[in-house]
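The numbering of the sequence shown is the numbering used here, which starts it at 7 and goes up by one. In this text, a Cβ means the ideal position worked out from N, Cα and C, and glycines have one as well. Notes follow the structure.
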Amino acid sequence: MQSEPETVCNVAISFDRCKITSVTCSCGNKDIFYCAHVVALSLYRIRKPDQVKLHLPISETLFQMNRDQLQKFVQYLITVHHTEVLPTAQKLADEILSQNSEINQVHGAPDPTAGASIDDENCWHLDEEQVQEQVKLFLSQGGYHGSGKQLNLLFAKVREMLKMRDSNGARMLTLITEQFMADPRLSLWRQQGTTMTDKYRQLWDELGALWMCIVLNPHCKLEQKASWLKQLKKWNSVDVCPWEDGNHGNELPNLTNALPQGANANQENMGQCKSLEYQHLPAHKFLEEGESYLTLAVEVALIGLGQQRIMPDGLYAQEKVCRNEEQLISKLQEIELDDTLVKIFRKQAVFLLEAGPYSGLGEVIHRESVPMHTFAKYLFTSLLPHDAELAYKTALRAMRLLVLESTAPSGDMSRPHHIASVVPNRYPRWFTLSHIESQQCELASTMLTAAKGDVRRLETVLESIQKNIHSSSHIFKLAQDAFKIATLMDSLPDITLLKVSLELGLQIALTAALSLSSSSTALHIV
C-alpha cells in the first residue's frame, strides 16, 4: 500500500528435486500457508531463473579454499555476525581442538546446503506447529467467527494434497486429527452425557472421509498403511473418541426438515444438480476393452449403493445413511446414459439380484438391512427404456421392508451363498423410518405410473404394495395416485388402474374397520 512504509524481508527457500522443502522469512507472519514474500521469491525464481545465482553446496566451496582463505572466511563471518555466532564459534573451536570430543568422533561435517540424498524422501515444506496452532484456535472458537469455514478450507487443502500425491496430505491430516482428539469439549460432552453439535459432527465426518481416501490410496506402500492403521486404532481406543453411530439419546427427533420427503424429494435433488457434461476418458491398457474412468466410476457407485449393510443404531448415523445415498444418486443423475453405461447398469442389476448376502437386493437379507427403495427407484427409471423386465424385477425385489414384518421369509437355504434373516423379538429404533416409508411409497407410485396399460404388471405391482406397505396413509396416497393416473385428461380411463385404486381403497377401509373392531372389543372388556 502506498500509505505504508516499505519493508525489506529476508527470505530463504530450500529446494530439493523441484520441491520447496523449507522456508524462513523475517516478516514474522505465522500461518500454515506461505507468506506473500515467500510466494514472491518463488515466483521470481521460476520466472527469472538466470537472475538467481546458483551456488554449489558450501562444503564444496570450502574444499576449494586453502588455509589462509578458510581462516579469512571464518573470521569475516564472525565479524559480520559476531553477536549471533561468536559464542557458538568459540564452543565449536574448543570441541574441535579437544581430541576426545564428540564432534571429532564423527567423520566430516553437516552441510545444510547440500540437500538430501537421492534415496531420502523429499516433501513439500509443512509447518507442523502452525497447523496444530491453527486447528486448535479454530476449535476453541466453537464454530463462531467462521472457524468452521476455516477448518473446511484445511480439509480442502488436504484433498488437494492427496490429488497431487503429496505425502504431506497424510501428515497434515494426522496433525488435524490429533487436535480434534485433544479438544476439551469431547470430555465435557462425555461427562454431561450430551451429544456434539451437528456442525461439529460434520467436521468429524469429513475427517473420517479423508482418512478413507488415504488408506484406500493404491499408490501408498504397505508399511505406510500399517502405520496409519496403528495410529487409527490408537485414536479409536481413546475414551473420548466420538462414535460414528452418534446419538443414543431417548428423545425422538423431528426429521421433517432433516431429510427430503415425498414425491418432490429426488426432483411407493435433481433440480439442484448442475448440468455437467461427462466424457469417456480411456483407462489404462490393463483394463477391459471399452472401459473408461467414467464407466469404472459409475460401476463402483452402483456396487456401493447396492451393498447390503445393517442400519446403524444412532440418529445421526441413520440420517447420514440416507443423506449419503441420496447425494451419490444425485451425482449419478447428472450423467447421461449411453449404450456403454446401460450395459454397466444391466450387469450390476443382474449381479445384485443374484449376489446373495453381499447385496441389498439379494433374495434373502437381514431384517435390519438398509432398504433399497431410493436406489431401486433410480435403477428402475434408468433401466426402464432399455430393459423393462429387469427394471420391474429389480424394483419389485426392493419393495420389501422387513423391519416392519412380524416374520421374515426363510429363503432357499439350500444355496450356500444365502444367509437367513434374523428376526429378533423387538422393533429396532429406526429414527428415519417415516422417510424410508415415504421412499417405499415413491417407488411403488413410480411403478404404477410406468405400468399404465399393462394389466399383468399392474397386478404384480398391486400385490407388492399390499404385501409390503404397512402405512395406511401411504396406501391411501397410492390409491389417489392410481386414480389420477387412470383418469388423465388426454387419454381414456385405464380400467385396470381404476381397479388398483379401488383395491387399495378397500384395503384401507378394511384396516380401519378392523382397528375400530379391536378398539370396541377392548372397551367392552374394560
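**Per-residue DSSP class, three states only, for Ile316** = strand
**Item:** DSSP bridge partner residues for Val560 (one or two, in chain order)
**Value:** Coverage of the chain is limited to positions 7 through 532, which leaves residue 560 absent and any answer about it impossible.
**Item:** Pair within 8 angstroms by beta-carbon distance, Ile471 and Leu504
**Value:** no
**Prompt:** Can the beta-carbon of Ala382 be found less than 8 angstroms from the beta-carbon of Ala394?
**Reply:** no
**Item:** Cβ pair Ala18, Thr30 closer than 8 angstroms
**Value:** yes
**Message:** Beta-carbon within less than 6 angstroms of Ala361's beta-carbon, same chain only, minus the 5 sequence neighbours each way: which residues are those?
**Reply:** Gly368
**Request:** Could you say if the stretch 172 to 185 and the stretch 207 to 221 meet the contact criterion of at least three C-beta pairs nearer than 8 angstroms?
**Result:** yes
**Prompt:** Which of helix, strand or coil does DSSP assign to Lys2?
**Reply:** In this structure the chain extends from 7 to 532, so residue 2 is not present and cannot be described.
**Message:** Quick check: the Cα distance between Phe161 and Ala232, rounded to an integer number of angstroms?
**Reply:** The alpha-carbon atoms of Phe161 and Ala232 are separated by roughly 23 angstroms.
**Message:** Report the CB separation of Gln446 from Leu407 in whole angstroms; it is logged as a contact under 8 angstroms.
**Reply:** Contact between Gln446 and Leu407 holds: CB atoms are separated by about 6 angstroms, below the 8 angstroms threshold.
**Message:** Which residue marks the beginning of the alpha helix (DSSP H) containing Phe489, and which one marks its end?
**Reply:** 478 to 492
**Request:** Please report the Cβ distance between Cys247 and Met187, rounded to the nearest whole angstrom; I am assuming they are in contact, meaning their Cβ atoms lie under 8 angstroms.
**Result:** 7 angstroms
**Message:** For Pro288, list the residues DSSP reports as bridge partners.
**Reply:** Ser298
**Prompt:** With burial defined as no fewer than 16 other Cβ atoms inside 10 Å of the residue's Cβ, what is the status of Gln273: buried or exposed?
**Reply:** Only weak support is given to the placement of Gln273: the predicted model assigns it a pLDDT of 46, under 50, and the question is left unresolved by the model.
**Message:** Please classify Ala294 as buried or exposed, where buried requires at least 16 neighbouring CB atoms within 10 angstroms.
**Reply:** Going by the sequence as given, residue 294 is Glu instead of Ala. With fewer than 16 other Cβ atoms within 10 Å, it is exposed.
**Prompt:** What's the C-alpha gap between Gly154 and Arg171?
**Reply:** 26 angstroms
**Request:** Would you give the residue range spanned by the alpha helix (DSSP H) that Trp241 belongs to?
**Result:** Segment 228 to 242, the alpha helix (DSSP H) holding Trp241.
**Item:** Spatial distance of Ser104 from Asn110 (CA atoms)
**Value:** 8 angstroms
**Request:** Following the continuous alpha helix (DSSP H) through Ala404, name the residue where it begins and the one where it ends.
**Result:** 394 to 404
**Assigned exposure category for Met495 - 16 Cβ within 10 Å defines buried** = exposed
**Boundaries (first-last residue) of the alpha helix (DSSP H) holding Ile84** = 73 to 86
**Asked** When we look at the beta-carbon of Pro377 and count the other beta-carbons within 10 Å, is it buried (16 or more) or exposed?
**Response** buried
**Request:** Whole angstroms is fine: what's the gap from Glu297's alpha carbon to Ala515's?
**Result:** 54 angstroms
**Request:** Kindly give me the distance between the Cβ atoms of Ile38 and Asp133, rounded to whole angstroms, as I take these residues to be in contact under 8 angstroms.
**Result:** 6 angstroms
**Message:** I need the straight-line Cα distance from Glu1 to Leu216, nearest angstrom please.
**Reply:** This structure does not reach residue 1, given that the chain is present from 7 up to 532, and the question cannot be answered.
**Asked** Comparing alpha-carbon positions, which option in Thr180, Glu212, Gln208 lies nearest Gln230?
**Response** Thr180
**Prompt:** Considering only C-alpha positions, which residue in the set Phe489, Glu325, Phe357 is nearest to His441?
**Reply:** Glu325
**Asked** Between the Cα of Glu305 and the Cα atoms of Leu359, Val467, Leu338, which residue gives the shortest distance?
**Response** Leu338
**Item:** Burial state of Met453, where buried means 16 or more other Cβ atoms lie within 10 Å
**Value:** buried
**Request:** Report buried or exposed for Leu358, applying the criterion of at least 16 other Cβ atoms within 10 angstroms of its Cβ.
**Result:** buried
**Spatially closest choice to Leu238 from Thr183, Pro224, Ile64, by CA coordinates** = Thr183
**Item:** Beta-carbon separation (whole angstroms), Leu287 vs Tyr299, contact threshold 8 angstroms
**Value:** Correct: roughly 5 angstroms between the Cβ atoms.
**Cα-Cα separation between Glu331 and Gly312, rounded to whole angstroms** = In a straight line, the C-alpha of Glu331 is about 10 angstroms away from that of Gly312.
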